[in-house]
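The opening position of the sequence shown corresponds to residue 1 in full-length UniProt numbering, with each subsequent residue numbered one higher.
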Amino acid sequence: MTDENEAPRAAQLLPAPAQGGRRRLSLRRSRSRPPPAPRLRFLRSARLDTLIDGVFAITLTLLVLDVRPPETLGPGGLLHALLALGPEIVSYVISFALLGVAWLAHHLGASLVVRSDFTHAALNLLALLVVALVPFSAALLGRYPAEPLAYTVFGVHVATLSLLYSLNWQHCARGHCLVEPDLPPGVAARITQMGVEATAGYLLMIPVAYFAARWSLALYGVLIVVALLELARLARLLEGLPAGAAATPTADGRGPEQAG
């Protein structure tokens with residue numbers, strides 16, 4: 001005699017025909033079983049932004065650790081020792097400013113991104129990998145200010161960071177897949193152009209170092225000023241857009257069309 005508790009389970013095993021005359025058992029899902037939960041389509045960008053801000057904050061703090069007061073005084077006294085720290089201080093200021101520009105550029109672009117996906121998150125993580133290495137490049141530049149190779153490492157470093165953020169933005173804006181659909185194409189194209197120009201400018205600093213290494217830091221300063229002016233112009237442009245064209249994600253990372 002079949003147990004009453006085993007009857008529903010046995011009813012789910014139904015014979016199904018198979019090739020070669022053999023018969024096999026097919027397991028049919030019970031109607032009482034709930035359907036599987038739908039998969040999340042997008043990652044939550046708010047948590048990604050929190051991670052990015054944290055990495056930038058730690059990296060900006062680590063930059064100053066390489067600028068140390070002199071431990072021993074030479075014949076020229078303290079003044080001579082402080083002047084000897086000049087390259088390290090200049091390297092710190094330039095690196096801090098470049099990271100500040102990268103952070104501003106990221107958040108201006110992120111203000112137009114209403115959702116995230118795997119590629120967007122992966123490119124951001126690659127960019128953070130490069131950001132975390134900036135203290136190393138800055139220390140190399142500060143300790144060997146007359147070596148063109150130090151400028152080459154630094155130039156490749158910041159150019160790679162700029163390229164990753166440019167590729168990330170192009171991914172977000174391609175077909176308006178991650179940005180607000182009402183975003184004007186001209187704005188998206190302008191941000192892409194700014195990323196290409198910044199990457200090219202940093203790469204041009206590499207050959208300059210082999211002819212005038214001392215002037216390279218001054219030229220980096222010029223690039224930083226130009227980048228800040230361009231970002232300020234972009235910020236004013238975004239402020240003039242309609243509310244729907246520059247939507248800010250909600251606290252859980254969803255766009256306004258998902259928050260309702």
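Glycine included, every Cβ here is placed at the ideal spot set by N, Cα and C.
Keep in mind that this is a model prediction, so the values were computed, not measured.
Of the residues the options, which one's Cα is nearest the Cα of residue i?
i: His106; options: Asp117, Cys172, Leu140 and Leu63; result: Cys172
i: Asn168; options: Val113, Val226 and Arg143; result: Val113
i: Leu164; options: His120, Leu104, Trp215 and Leu62; result: His120
i: His63; options: Thr50, Ile94 and Ala84; result: This sequence places Leu at residue 63; His is not what is there. Ranking Thr50, Ile94 and Ala84 by Cα distance to Leu63 puts Ile94 first.
i: Thr61; options: Gly109, Leu83 and Leu133; result: Leu133
i: Ala127; options: Ser111, Ile224 and Ala159; result: Ala159
i: Gly221; options: Phe211, Tyr92 and Ala110; result: Tyr92
i: Leu219; options: Gly186, Leu140 and Val90; result: Val90
i: Ala188; options: Leu237, Thr72 and Leu217; result: Leu237
Which same chain residues, not among the five before or five after residue i, have their C-beta less than 6 Å away from its C-beta?
i: Tyr144; result: Ala150
i: Ile206; result: Thr152 and Gly155
i: Ala122; result: none
Which same chain residues end up closer than 7 Å to residue i when comparing Cβ atoms and leaving out the 5 residues on each side of it in sequence?
i: Ser137; result: Val153, Phe154 and His157
i: Gly195; result: Ser162, Tyr165, Ser166 and Trp169
i: Ile52; result: His106, Asn124 and Leu128
i: Ile224; result: Ala97, Leu98 and Val101
For residue i, count neighbouring Cβ atoms within 10 angstroms of its own Cβ and tell me buried if that reaches 16, exposed if not.
i: Gly54; result: exposed
i: Gly175; result: exposed
i: Glu180; result: buried
i: Pro135; result: buried
i: Thr199; result: buried
i: Gly77; result: exposed
i: Ala227; result: buried
i: Leu65; result: exposed
i: Leu204; result: exposed
Give me the Cα-Cα distance between residue i and residue j, rounded to the nearest whole angstrom.
i: Glu147; j: Gly86; result: 15 Å
i: Leu241; j: Thr192; result: 18 Å
i: Leu183; j: Leu98; result: 27 Å
i: Arg68; j: Ala232; result: 34 Å
i: Leu108; j: Ala235; result: 7 Å
i: Ser111; j: Glu239; result: 11 Å
i: Leu83; j: Trp215; result: 18 Å
i: Leu104; j: Glu230; result: 11 Å
i: Gly186; j: Pro70; result: 52 Å
i: Ala209; j: Leu140; result: 14 Å
i: Tyr202; j: Leu217; result: 11 Å
i: Glu197; j: Thr72; result: 44 Å
Less than 8 Å between C-beta atoms, sequence neighbours within five positions excluded: which residues of the same chain meet that for residue i?
i: Val131; result: Val55, Phe56, Thr59, Leu99, Ala102 and Leu161
i: Ser32; result: Any reading at Ser32 must be qualified, since the residue scores a pLDDT of 49, below 50, and its modelled position is unreliable; no value is offered.
i: Phe211; result: none
i: Ala213; result: Pro145, Ala146, Glu147, Pro148 and Tyr151
i: Arg190; result: Leu234 and Leu237
Exercise. Taking only runs of the alpha helix (DSSP H) that begin and end inside the segment 74-133, which ones reach a length of at least 4 residues, in chain order?
Worked result: 77-84, 86-110 and 118-132
For this session: Any chance you could list the alpha helix (DSSP H) runs of at least 4 consecutive residues sitting entirely within the segment 142-218, in chain order?
Result: 148-173 and 185-209
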